[in-house]
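Colleague:
There are 2 protein chains.
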Amino acid sequence: MREPGAGGESLLFLTDEQLRKGIEAMFFAYRGFTADPDRILDGLDYGRAHHRAIHFIHRSPGTTVNNLLSILGVTKQSLNRVLRTLIEDGLVESRVGKRDKRERHLFLTAKGAELERQLSDAQRVRMRAAYRAAGPAAVQGFRQVLEAMMDPDLRRQYQALKEGRA
Amino acid sequence: MREPGAGGESLLFLTDEQLRKGIEAMFFAYRGFTADPDRILDGLDYGRAHHRAIHFIHRSPGTTVNNLLSILGVTKQSLNRVLRTLIEDGLVESRVGKRDKRERHLFLTAKGAELERQLSDAQRVRMRAAYRAAGPAAVQGFRQVLEAMMDPDLRRQYQALKEGRA
DNA sequence: CTTGGAAAGTCAACAAGGCTGACGTAAATT
DNA sequence: AATTTACGTCAGCCTTGTTGACTTTCCAAG
Numbered sequence: 025m026r027e028p029g030a031g032g033e034s035l036l037f038l039t040d041e042q043l044r045k046g047i048e049a050m051f052f053a054y055r056g057f058t059a060d061p062d063r064i065l066d067g068l069d070y071g072r073a074h075h076r077a078i079h080f081i082h083r084s085p086g087t088t089v090n091n092l093l094s095i096l097g098v099t100k101q102s103l104n105r106v107l108r109t110l111i112e113d114g115l116v117e118s119r120v121g122k123r124d125k126r127e128r129h130l131f132l133t134a135k136g137a138e139l140e141r142q143l144s145d146a147q148r149v150r151m152r153a154a155y156r157a158a159g160p161a162a163v164q165g166f167r168q169v170l171e172a173m174m175d176p177d178l179r180r181q182y183q184a185l186k187e188g189r190a
Numbered sequence: 025m026r027e028p029g030a031g032g033e034s035l036l037f038l039t040d041e042q043l044r045k046g047i048e049a050m051f052f053a054y055r056g057f058t059a060d061p062d063r064i065l066d067g068l069d070y071g072r073a074h075h076r077a078i079h080f081i082h083r084s085p086g087t088t089v090n091n092l093l094s095i096l097g098v099t100k101q102s103l104n105r106v107l108r109t110l111i112e113d114g115l116v117e118s119r120v121g122k123r124d125k126r127e128r129h130l131f132l133t134a135k136g137a138e139l140e141r142q143l144s145d146a147q148r149v150r151m152r153a154a155y156r157a158a159g160p161a162a163v164q165g166f167r168q169v170l171e172a173m174m175d176p177d178l179r180r181q182y183q184a185l186k187e188g189r190a
């Protein structure tokens, strides 16, 4: 993968023009990425923020509010509002910590898990179609570039989730 | 989930687990993607909505309001609010159409172009680092998967931009 | 043991930026 | 002449971000 003369085998993929295409691709793709769950959420009284909370509680059952905060990157007040409605509606259960009573441990109820499945099914359908259309090699590249784009802090969070150590 | 003899060289990359990783990668990467411009915008009185308008006006100088609307996928009221402040602040110029006087053609002023450069420079720095780290093959896969994720309508918009026919 | 601070969570109020609906105007099209 | 199109605007609503102030709980230093 290395080459003669200067530094690069054709660094043409690093031109401003190529980068611009990548930037626009991210913009348009993200719209598609969120479109299907958004449609489901629209019917209910929920929004994208609720989806994110549900997703990560599902991923890491028993996680604390603080933990969730650092993953979502919003203020606790903002998260709290979302969490409150989810708890009121019986989708999320909040248990006072055994060891540290200041902490609240979060779990999806059966009803919450049901909505989670519905949302992630919808999102996966599109994702699977895209993966299948692009093929395994492309998917690997896709993941590599995305990881390289993350802030270091978030990359660590992502990798922790990825490897199952919630 | 797969039948042995049939079509697939290991379709393991289509498992729910792999898809979930891709979904989370999109989430975390998009945060990084917008982080640098957001920091710049924060200082000024602008937000992400202004950035998007500026970006696409820069990309397609002379584009009409309607055109921009269909690319951004927001309502005209929403866009108008953003556009109004940009025009008031002298970053964007709106010229009445020559052929069709109902239309307004949008252009960046020198000042607008200056901000655009600042914003896209910041965004490109990260993008370039990610591309370089991942390599050209990964970048190609990245773009392929993103394109496959887009809604068909948006994909058409994206390809039109990509090919320069604004 | 007490006390002072830090940490987790809650409440209140505000802002950005989406949205819908209604309306006005000028220009183009039928 | 009537209708449609492109654009702008006013009013009001919702979601989801923000900051500031407050309570409860925990822990560590005196």
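Chains as they are written, first to last, in this note's numbering: chain A, 25 to 190; chain B, 25 to 190.
Even glycine gets a Cβ: it sits at the ideal position worked out from N, Cα and C.
1) Put R26/B into one of helix, strand or coil per three-state DSSP.
2) Which residues does DSSP list as the beta-bridge partners of V116/B?
3) Sorted by chain position, which residues of the same chain lie with C-beta nearer than 8 Å to P176/A's C-beta, five sequence neighbours on each side aside?
4) Tell me, please, which residues DSSP counts as bridged to T87/A.
5) Name, going along the chain, the residues of the stretch 159-170 of chain B whose beta-carbon falls closer than 9 Å to a beta-carbon of chain A.
6) Let me confirm a value: T87/B is counted as buried when at least 16 other C-beta atoms fall within 10 Å, else exposed. Which label applies?
7) Run down chain A in chain order and give the residues with a C-beta less than 8 Å from the C-beta of Q181/B.
8) Please state whether the Cβ-Cβ distance between S118/A and L130/A is less than 7 Å.
9) Between G121/A and the rest of its own chain, which residues show a CB-CB distance below 8 Å, the 5 nearest in sequence each way excluded?
10) If we cut at 7 Å on Cβ distances, does G188/B have a partner in chain A?
11) Going along the stretch 68-80 of chain B in order, which residues come within less than 7 Å of chain A, judged by CB to CB distance?
12) L178/B lies in the alpha helix (DSSP H); which residues open and close that run?
13) Taking the C-alpha atoms as reference points, what is the distance between T39/B and A158/A?
14) Distance cutoff 7 Å, beta carbons only. Does D177/B sit that close to anything in chain A?
15) Along chain B, which residues have their Cβ under 7 Å away from the Cβ of Q147/A?
16) Around the Cβ of G188/A, are there at least 16 other Cβ atoms within 10 angstroms (buried) or fewer (exposed)?
17) Quick one: using the 10 Å Cβ neighbour count with 16 as the cut-off for buried, is Q168/B buried or exposed?
18) In chain A, what lies closer than 8 Å to G136/B by C-beta?
19) Helix, strand or coil, according to DSSP, for Y155/A in the structure here?
Modeller: Let's see:
1) Annotation note: pLDDT 45 at R26/B (below 50); position unreliable, no value reported.
2) Beta-bridge analysis with DSSP links V116/B to L132/B.
3) Apart from the 5 residues on each side of it in sequence, P176/A has no Cβ closer than 8 Å to any other Cβ in its chain.
4) Beta bridge pairing from DSSP links T87/A with L130/A.
5) Close to chain A, meaning a Cβ-Cβ distance shorter than 9 Å, are the following residues of the stretch 159-170 of chain B: G159, P160, A161, A162, V163, Q164, G165, F166, R167, Q168, V169 and L170.
6) T87/B comes out buried.
7) Ordered by position in chain A, the residues that pass the 8 Å Cβ test against Q181/B are F52.
8) Taking 7 Å as the cut-off, the beta carbon of S118/A is found closer than this to the beta carbon of L130/A.
9) Residues of the same chain with a CB within less than 8 Å of the CB of G121/A, apart from the 5 flanking positions on each side, are T88, E127, R128 and H129 in chain order.
10) Not one chain A Cβ lies under 7 Å of G188/B.
11) Flagged: no residues at all.
12) P176 to K186 is the extent of the alpha helix (DSSP H) around L178/B.
13) Roughly 15 Å between the two C-alpha positions.
14) For D177/B, no CB of chain A lies under 7 Å from its own CB, so it is not counted at the interface with that chain.
15) Neighbours of Q147/A in chain B, taken as residues at a C-beta separation under 7 Å, are given in chain order as I47.
16) Counting other Cβ atoms within 10 Å of its Cβ, G188/A stays below 16 and is therefore classed as exposed.
17) Under this definition Q168/B is a buried residue.
18) Ordered by position in chain A, no residue passes the 8 Å Cβ test against G136/B, which lies about 17 Å from the chain.
19) Note: Y155/A maps to helix in three-state DSSP.
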